[in-house]
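Going by UniProt numbering, the sequence shown opens with residue 1, and the numbers climb by one from there.
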Amino acid sequence: MTVPATTAASLDDPALRERFLGMVGDGDEYAAVELTTSLLDAGVPAQQILLDLIAPTQARVGELWAANEWSVAREHAATAISERAVAAVAGRTMVRPHRGRVTVACVDGEWHALPVRILAEILRLDGWRVDFLGASVPGPHLVTHLHQTGPDAVAVSCMLPTRLPRAHAAITACRSAGVPVIAGGRGFGPDGRYAQRLGADAWAGGAREAAGRLAGDWPPPMDDPYRTPFLGDEEYTYVVRQRPVLIDTALRRLAGAYPATGGYDQRQQEATAEDIAHILDFLAAALYVGEETIFTEFTGWTAGVLAARGVPAAALLAGLRLIRDQLRDYPAATRMLDAATASLRDA
Ligand code: B12
Numbered sequence: 001m002t003v004p005a006t007t008a009a010s011l012d013d014p015a016l017r018e019r020f021l022g023m024v025g026d027g028d029e030y031a032a033v034e035l036t037t038s039l040l041d042a043g044v045p046a047q048q049i050l051l052d053l054i055a056p057t058q059a060r061v062g063e064l065w066a067a068n069e070w071s072v073a074r075e076h077a078a079t080a081i082s083e084r085a086v087a088a089v090a091g092r093t094m095v096r097p098h099r100g101r102v103t104v105a106c107v108d109g110e111w112h113a114l115p116v117r118i119l120a121e122i123l124r125l126d127g128w129r130v131d132f133l134g135a136s137v138p139g140p141h142l143v144t145h146l147h148q149t150g151p152d153a154v155a156v157s158c159m160l161p162t163r164l165p166r167a168h169a170a171i172t173a174c175r176s177a178g179v180p181v182i183a184g185g186r187g188f189g190p191d192g193r194y195a196q197r198l199g200a201d202a203w204a205g206g207a208r209e210a211a212g213r214l215a216g217d218w219p220p221p222m223d224d225p226y227r228t229p230f231l232g233d234e235e236y237t238y239v240v241r242q243r244p245v246l247i248d249t250a251l252r253r254l255a256g257a258y259p260a261t262g263g264y265d266q267r268q269q270e271a272t273a274e275d276i277a278h279i280l281d282f283l284a285a286a287l288y289v290g291e292e293t294i295f296t297e298f299t300g301w302t303a304g305v306l307a308a309r310g311v312p313a314a315a316l317l318a319g320l321r322l323i324r325d326q327l328r329d330y331p332a333a334t335r336m337l338d339a340a341t342a343s344l345r346d347a
């Protein structure tokens, strides 16, 4: 494939982006790799291909999945092609490390490895020696790795707020091993507001900012690694411990509260069980961080995803009520469930 000599700005070209989206959506690995490597050959910096073509295309893939225009299978296939394109760009751009060493990892239970893989490549291109550990790294294994390799920083990714309690444990463990932490990923909230609360030394919204932060005044002065101890209170602990019972009870009562679910087939029942589990996981995360918006943003987002699949908001409202009935003695949880209910009704 030939790509005309191009300037960085042309990556903003909607036609080029649509073409790349079409390739990943068709699972056309060769075309996607050829396009990205042709751009490299045409002089487009690798960083721009990663951040201004592959990353926004993936975000678009997410929108298409959420809108029920693309199936989960198509999304998975597209993500695999994007991973191949990232690897192809990485394989063509060798940079001798001259800065220091960074470990890059997703927190335990976090499977969004592609955003952080892009981050890893940007740091590598910036001259860091990068240890990329990929998805869902259990805290103790992460710390063992730090002891073995002695990096200058650990970059911890959390794309889903439900992983924030684990992120907190990982951040504390890394800092107590003497390694400063830079946090990132949309799970840390708008402008990374939860990262500081969970004790991270720094936060960056994207890979470019992260590279800038690490190339600047790093390492930051390290204070007490335990300055933000376990944040979970009695309510958080109750929701986490009782999770299976809360889910089970809600599911048993669901057909009574929302009769349409009585006729659900096996697949619909599984999806409903998954939705109830997500409600509890987001509620637990919101309780842990003490931030109602973690929960209300999730329920607003879920309502949109369900609506795109023909499930009315009434079903979600019934689910929230069934969980609320079981958490009547827990004021913070009840407040969050009420806020979510009110904003869904307003919408
Ligand atoms: C691909 C994908 C998946 C794949 C991931 C595969 C992989 N190998 O990565 C799979 C199928 C596993 C997946 C699963 C799920 N996903 Co998903 N996924 C996506 C999708 C479509 C793309 C992610 C991506 O690659 N984005 C592109 C990157 C480049 O975007 P980016 O965020 O701008 O990346 C930058 C920053 O995040 C930052 N950054 C990231 N990490 C770090 C770390 C540090 C230290 C720093 C400094 C910066 C940094 O730097 C990156 C580069 O600049 C997104 C949609 C989206 N808009 O992102 C949904 C999305 C993230 N997923 C979502 C959901 C809900 C899920 C599931 C819960 C779905 C389900 N029902 O099971 C599960 C949860 C799995 C889990 N426990 O982790 C939602 C999250 C919504 C929410 N309420 O938070 C999203 C937003 C989809 C949507 N449109 O609603 N997903």
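Note that the Cβ used here is the ideal one computed from N, Cα and C, for glycine as well.
Using a C-beta cut-off of 8 angstroms, the segment 94 to 107 makes no contact with the segment 62 to 77, since fewer than three inter-stretch Cβ pairs fall below that distance. Beyond the five residues adjoining it in sequence on each side, T261 comes within less than 6 angstroms, by CB distance, of L254 and A255 in the same chain, given in chain order.
Placement of the Cβ of W301 at a distance of less than 6 angstroms from at least one heavy atom of the ligand B12 is found. A check of alpha carbon separations from H168 across V179, L146 and G139 identifies G139 as the nearest. For the 7 angstroms CB-CB criterion, A177 and L146 form a contact. For C174, the enclosing alpha helix (DSSP H) stretches over residues L164 to S176. The C-alpha of P56 is placed about 35 angstroms away from the C-alpha of P225. Here G185 is buried, its C-beta having at least 16 other C-beta atoms within 10 Å.
Only buried fits D201, as 16 or more other CB atoms lie within 10 angstroms of its CB.
Annotated three-state conformation of A32 is helix, per DSSP. Around the beta carbon of A250, 16 or more other beta carbons lie within 10 angstroms, which makes this residue buried.
Close CB contacts of L125 within its chain, under the 7 angstroms cut and outside five residues either way in sequence, are with A46, Q47, T93 and V95 (chain order). A contact between stretches requires three or more CB pairs, one per stretch, nearer than 8 angstroms, and the segment 83 to 92 fails this requirement with the segment 142 to 159. Taking a 10 Å sphere around the C-beta of H112, we find 16 or more other C-beta atoms and assign the residue as buried. Under the DSSP assignment, F230 falls outside any beta strand (DSSP E); it carries neither an H nor an E label. Closest by C-alpha distance to A318, out of A308, T228, R19 and R345, is R345.
Using a cutoff of 6 angstroms, the CB of S343 does not count as near the ligand B12, since none of the ligand's heavy atoms is closer than that. In this structure the segment 206 to 215 does not lie against the segment 311 to 329, because fewer than three pairs of beta carbons, one per stretch, are closer than 8 angstroms. Put simply, the backbone Cα of R328 is about 10 angstroms away from that of R335. For G184, the secondary structure class from DSSP, reduced to helix, strand or coil, is strand.
Inclusion of A66 and C106 in the CB contact set at 7 angstroms is not warranted, their separation being larger than that value. Nearest in C-alpha terms to D281, of all of G22, A342, Y236 and L64, is Y236.
Following the DSSP letters along the chain, one finds R92 in no beta strand (DSSP E), marked with neither H nor E. According to the DSSP assignment, R101 belongs to the beta strand (DSSP E) that extends over R101 to V107.
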